[in-house]
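Notes follow once the structure below has been shown.
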Ligand SMILES: Nc1ncnc2c1ncn2[C@@H]1O[C@H](COP(=O)(O)OP(=O)(O)O)[C@@H](O)[C@H]1O
Ligand SMILES: [Mg+2]
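Chains as they are written, first to last, in full-length UniProt numbering: chain R, 1 to 274; chain D, 1 to 351.
Dropping the structure here:
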């Protein structure tokens with residue numbers, strides 16, 4: 001597959017920083033994320049790994065102000081997101097949730113156009129940047145040929161790229177992705193990961209939830225390991241992924257090797273820890 | 001491969017300057033113009049047919065204030081008001097239906113289904129049979145609509161995505177309201193019950209003449225509001241998390257849509273009684289015209305108006321000189337039509 005993103009000017013946004021301070025998130029009376037203070041490195045790809053139900057989605061939703069904290073703050077460029085107008089936050093931060101739902105019969109291009117919503121208004125329904133941003137998003141996600149196809153006629157991988165393209169069109173320096181590759185086969189996973197790397201090299205800070213440790217290690221600059229709503233390790237993939245950590249996270253034991261090409265860890269002989 | 005998916009390209013007109021502009025989907029404009037022509041045709045047809053037949057060109061002349069004064073009186077003073085009432089209430093029911101379906105993300109969730117029509121009716125009947133409330137039946141219908149909505153939201157668990165709970169709660173409220181109406185009617189003298197009858201079936205003959213221009217004004221306001229707000233209402237087909245990510249507040253958008261929907265329904269029931277099927281069939285017809293794309297609010301309003309005018313015409317003529325209430329016609333004709341639509345397109349059942 002040839003990627004056409006090199007053939008046109010990239011649309012770089014200035015870097016923005018994302019961090020939390022003593023963040024607490026709860027579902028009803030149940031605390032899910034406890035007192036989390038973390039900084040997500042600018043312009044880098046950060047992956048959050050951890051077992052099911054440990055609070056990864058809750059954290060991502062908290063970062064995107066979908067889930068209101070019971071205590072603490074989420075800060076963009078040092079400012080509490082709940083003190084910034086929602087539309088302004090939407091110009092800084094985009095989220096692709098774990099589960100999506102789209103209007104009937106919507107085409108790829110129409111979906112992507114919704115990403116421009118935060119840049120438009122009641123009396124400014126079309127900005128000069130909109131056409132360029134949509135074109136850029138279509139090209140980056142390699143969807144130009146599918147622009148007028150209805151979303152529900154696409155393959156899983158194409159559909160996921162269309163959703164990411166909608167986030168790209170939003171032109172935010174921060175991009176949060178909740179399990180963007182979990183429903184995809186290996187080929188489509190690589191397609192999406194490559195796209196994410198491209199976005200990062202253009203200056204976006206990406207925070208994503210990924211289940212496949214080997215993939216997370218290969219495609220991320222920074223890893224955050226979560227368990228029971230707490231961060232138990234952060235750092236470069238090489239430093240974070242150790243046998244004791246994998247045992248603690250997933251109750252597994254395995255052999256760890258170094259990928260001869262990328263130098264990132266690979267898991268082999270995975271089995272339940274005794 | 002692309003020829004497999006024709007007609008998905010929409011063209012839009014961008015009107016205005018760099019800083020101030022609006023986007024108008026040309027498809028929607030053309031579609032609504034065609035529907036408006038159909039509505040005018042239905043209206044003229046309905047004006048010409050009655051105890052005395054007046055040819056369509058005579059009707060148009062009379063509407064423009066020309067022709068002989070007898071015909072002008074017949075058309076403009078005797079018949080026009082009823083047709084206008086049909087247009088306004090039909091548009092109101094249907095627009096209200098489309099809004100509520102969009103909020104609940106379920107195309108069965110019209111105000112009628114969730115009990116608003118019935119509650120408005122029960123309150124109006126209560127007023128007619130005189131249980132000591134001094135409000136007029138029309139005002140009571142509005143109060144009833146608001147009460148039912150509040151109850152449906154309270155029981156259904158707020159305005160979340162739990163469409164089905166909301167619907168089931170509404171079904172219950174509708175059933176109770178219907179039973180209350182029957183109970184009230186069974187307890188009073190037959191003449192009083194007769195006076196309350198139009199409220200229970202839905203009819204354009206029992207309307208209050210003074211209210212017709214008001215109904216028109218409110219319907220027009222709602223249509224304009226919907227044109228302006230479509231940009232936000234359309235977001236409701238996304239998950240809440242996506243709406244928030246795009247910088248909007250889903251509950252605020254839902255609240256606005258529900259307020260417009262309930263107000264329209266309340267006023268429409270106050271004028272014509274419950275004709276809930278228009279709220280199901282009107283939007284369905286609009287979506288068919290719109291090829292199941294987007295949120296055809298204006299088209300829903302026009303389709304509802306066409307349906308109401310034609311149903312009233314059928315009701316007036318089919319068993320002439322006996323007049324069938326329009327609510328019965330819509331039930332007899334609209335019911336099967338709806339079933340046909342629902343079984344014909346099982347794929348598009350997500351809204
Ligand atoms: N809407 C909700 N209401 C109540 N509890 C929830 C809700 N969503 C998630 N939870 C609970 O919060 C915990 C964390 O969930 P989640 O953040 O989705 O985990 P992850 O994404 O890491 O799998 C789980 O125990 C889950 O049961
Ligand atoms: Mg999750």
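We treat Cβ as the ideally placed atom computed from N, Cα and C, and that holds for glycine.
Because the structure is a prediction, the values reported are computed rather than measured.
Segments of 4+ residues assigned as alpha helix (DSSP H) that fall wholly inside the region 25–94 of chain R: 56–63, 86–90
So who's on the other strand from residue 20(R), going by DSSP bridges? 38(R), 74(R)
Please indicate yes or no: does the CB of residue 27(R) lie closer than 7 Å to some heavy atom of ligand 1? yes
Going along chain D, which residues have a C-beta under 7 Å from residue 144(R)? By Cβ distance, chain D contributes nothing, its closest Cβ being about 12 Å from residue 144(R), past 7 Å.
What does residue 99(R) touch in chain D if you count any residue whose Cβ is under 8 Å from its own? 239
Residue 269(D) beta carbon less than 8 Å from that of residue 126(D): no
Taking Cβ-Cβ distances below 8 Å as the criterion, which residues of the region 204–238 of chain D are in contact with chain R? 228, 231, 234, 235, 237, 238
Going by CA-CA distance only, name the one from 248(R), 44(R), 266(R) that's closest to residue 274(R). 248(R)
Beta-carbon within less than 7 Å of residue 32(R)'s beta-carbon, same chain only, minus the 5 sequence neighbours each way: which residues are those? 25, 26, 55, 58, 229
Residue interval of the beta strand (DSSP E) (run including residue 256(R)): 252–258
When DSSP labels each residue in this structure, what does residue 251(D) get in the three-state scheme? helix
Can you check whether the C-beta of residue 19(R) is within less than 8 Å of a C-beta belonging to chain D? no
At a cut-off of 7 Å, is residue 230(R) close to ligand 1 when judged by its beta-carbon and the heavy atoms of the ligand? no
Look up residue 154(D) in the DSSP assignment and say whether it is helix, strand or coil. helix
Given a threshold of 16 other Cβ atoms within 10 Å of its Cβ, counted over all protein chains shown, does residue 53(D) qualify as buried or as exposed? exposed
With 16 as the cutoff for other CB atoms within 10 Å, does residue 209(D) come out buried or exposed? exposed
Determine, using beta carbons only, whether residue 89(R) comes closer than 8 Å to chain D. yes
Run through the DSSP bridge pairs and tell me what residue 16(D) is partnered with. 21(D)
Residue burial classification, residue 271(D) (beta-carbon count within 10 angstroms, cutoff 16): buried
Give the DSSP-derived three-state secondary structure of residue 142(R) in the structure shown. coil
Can you grab the Cα-Cα spacing for the pair residue 17(D) / residue 229(D), in whole Å? 20 Å
Please state the DSSP three-state secondary structure of residue 124(R). strand
Is there a Cβ from chain D that is less than 8 Å from the Cβ of residue 117(R)? yes
Taking C-beta pairs closer than 7 Å, name the residues in chain R that residue 20(D) reaches, listed in chain order. 123, 124
Close beta carbons around residue 264(R), own chain, < 7 Å, minus the five adjacent residues each side: 217, 218, 237, 238
Residue 216(R) at chain D interface by Cβ criterion, 8 Å: no
Which residue's Cα is closest to the Cα of residue 33(D): 341(D), 322(D), 289(D), 324(D)? 289(D)
Is there a C-beta anywhere in chain R that falls below 8 Å from the one on residue 5(D)? Any reading at residue 5(D) must be qualified, since the residue scores a pLDDT of 37, below 50, and its modelled position is unreliable; the value itself is stated next. True, the Cβ-Cβ gap to chain R drops below 8 Å.
With a Cβ-Cβ cutoff of 8 Å, do residue 65(R) and residue 82(R) count as a contact? yes
Name the chain R residues whose beta carbon is nearer than 9 Å to that of residue 14(D)? 125, 126
Please state the DSSP three-state secondary structure of residue 204(R). coil
According to DSSP, is residue 8(D) part of a helix, a strand, or is it coil? Low per-residue confidence applies at residue 8(D): pLDDT is 39, beneath 50, and the placement is therefore not dependable, though the value from the model is reported in the following sentence. Three-state DSSP puts residue 8(D) in coil, outside helix and strand.
Just to confirm my understanding: we take residue 276(D), look at its own chain, exclude 5 residues before and 5 after, and list those with CB closer than 6 Å. What are they? 112, 117
Is there a C-beta anywhere in chain R that falls below 8 Å from the one on residue 282(D)? no
Classification of residue 308(D) by the beta-carbon crowding that lies within 10 angstroms, buried from 16 upward: buried
What residue from 164(D), 168(D), 177(D) has the CA that sits closest to residue 145(D)'s CA? 177(D)
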